[in-house]
Structures are given as C-alpha cells and as structure tokens.
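Asks: Before I ask anything, here is the structure I am working with.
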Amino acid sequence: ALPIFQRLVSSLAILSGNDCWLIDITSDFSYQLRMIETELNGAPRISGIFVSHAHMGHYMGLFELGLEVMNTHAIPVYVMGKMKSFLENNAPFTQLLELNNIRLLVLQDNYPIDIFKDVKIIPFQVPHRNEYSETVGYHIQSSRQSVLYIPDIDSWDGWDTNINQLIKESDIALLDGTFYVKTELPNRDLSAIPHPS
14 ALPIFQRLVS SLAILSGNDC WLIDITSDFS YQLRMIETEL NGAPRISGIF VSHAHMGHYM
74 GLFELGLEVM NTHAIPVYVM GKMKSFLENN APFTQLLELN NIRLLVLQDN YPIDIFKDVK
134 IIPFQVPHRN EYSETVGYHI QSSRQSVLYI PDIDSWDGWD TNINQLIKES DIALLDGTFY
194 VKTELPNRDL SAIPHPS
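Start counting the sequence shown at 14; every next residue gets the next number (the numbering used here).
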C-alpha cells in the first residue's frame, strides 16, 4: 500500500472515461497507475504519453511498458525531435520500439495535439539543461478550462515568455518548485542544477 503522505515524482493523468493520457511517465509509475485505477475503479486504457524531456524522473516509467512488465502494444509516446532520437538510440528503450510496445510521435513547438472532444495539449519549449533533449512545458486546454504545466525550467528570468501572463491566462498552474532556497542541498553546486526558487 502507498503511504498517505508519500511524495511521488510529478506526473499528470488526464482521464476521459477509461482513456488516460499521461504527461511524463515517472519512476513512480506503478504507484501512479494504482492511483488511476482507484479513481476509475478499473484499469485505464493508456491512450498516449507526453514526455517533457530526457531527465530521469520524466521518462523512466517507460520501462514498465516493456516485455517483462506490461508488454503494451503501440502506446503513442509524444516527444520532441531530440527526445525521439535519444529513445531511438539508447538501449533498453530501443527494445520498446523493436517490440512495438511504444510508437514515437514527434511534437512541434506550440502545435496543439487533440486528445479527445475539445481537449488539446500544446507543448512549448522552455530553457532547461538540455544535454540530451529539448525541454517542454504543456498547456492543457478545453473550452472551459486551461492547465499550465512546467515541471522543469532553469529560471523565469531566463525565459523570453512572461510567466505572470501565462499564469493569468490559466485556471491552474503547476510550476517547477524544486527548491525553496538555494541552500537545500549541502555540498552540491546548485548552479549546475538550475531551477527557480
């Protein structure tokens, strides 16, 4: 059982009936899947996964989709171009592709993807340590509400977009809150792991 106050790596689930779209698939995916199953009173149909970038916490749950665990079939995984190359060129992710557990679909900056009814997801690039891939945040929009999701960014000041305006335009804003103060990690150079306070 999952302890009531356990903190998990951030991820979003968007549900419509039994269909489930994920934004990021984390190393805590097995716990998060149980939370979704509890919400739905049954197993979801994973209709798509949107990955924000190639830092461990955001895509490691893909392993759960492979032969030795769920052995899924052709789950759409939406990624930017460099993230696609990263997954195509690094084992064991290559096995997920070879066995058709997942199929990669390329996102374009600020280009909406319709997921159901009037709901769309719009990726947008943000500045963040892009060693292996681009980094994106997401707008999730319907005719009634909008959610802004930015799990990682270097700083608000280093971005050419006004975060305050984006917040005003959103009903819900879920933003990078990795550090409260820069002294949280003793013996670590926080300039090497930039996040806004």
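For glycine and all other residues, C-beta sits at the position ideal for the given N, C-alpha and C.
Just to confirm, are histidine 66 and threonine 196 a CB contact at a threshold of 7 Å?
Replies: Not a contact, by the Cβ cut-off of 7 Å.
Asks: Going by the DSSP bridge assignment, what does arginine 116 pair with across the sheet?
Replies: Answer is Pro89.
Asks: Taking the beta carbon of valine 139 as the centre, do at least 16 other beta carbons fall within 10 Å, making it buried, or is it exposed?
Replies: Classification of valine 139: buried, given that the 10 Å Cβ count is 16 or more.
Asks: Which complete alpha helix (DSSP H) runs does the region 125-201 hold, if anything under 4 residues is left out?
Replies: 176-181, all fully within the region 125-201.
Asks: Can you tell me where the alpha helix (DSSP H) holding serine 29 begins and where it ends?
Replies: Looking at the DSSP string, serine 29 is not in any alpha helix (DSSP H); the run it does join, the beta strand (DSSP E), is 25-29.
Asks: Excluding the five sequence neighbours on either side, which residues of its own chain have a C-beta within less than 6 Å of the C-beta of isoleucine 27, listed in chain order?
Replies: Result list for isoleucine 27: Trp34, in chain order.
Asks: By DSSP, does methionine 47 sit in helix, in strand, or in coil?
Replies: Before going further, note that residue 47 is arginine rather than methionine in the sequence given. In the structure shown, arginine 47 sits in a helix (DSSP, three-state: H, G or I).
Asks: Could you tell me how far apart the beta carbons of valine 119 and valine 92 are, in whole angstroms, since I believe they sit closer than 8 Å?
Replies: About 7 Å; that satisfies the 8 Å criterion.
Asks: Using only the alpha-carbon positions, how far apart do lysine 95 and glutamate 52 sit?
Replies: Spanning the two alpha carbons is a distance of roughly 34 Å.
Asks: In three-state terms, what does DSSP make of serine 60?
Replies: The answer is strand: DSSP assigns serine 60 an E or B state.
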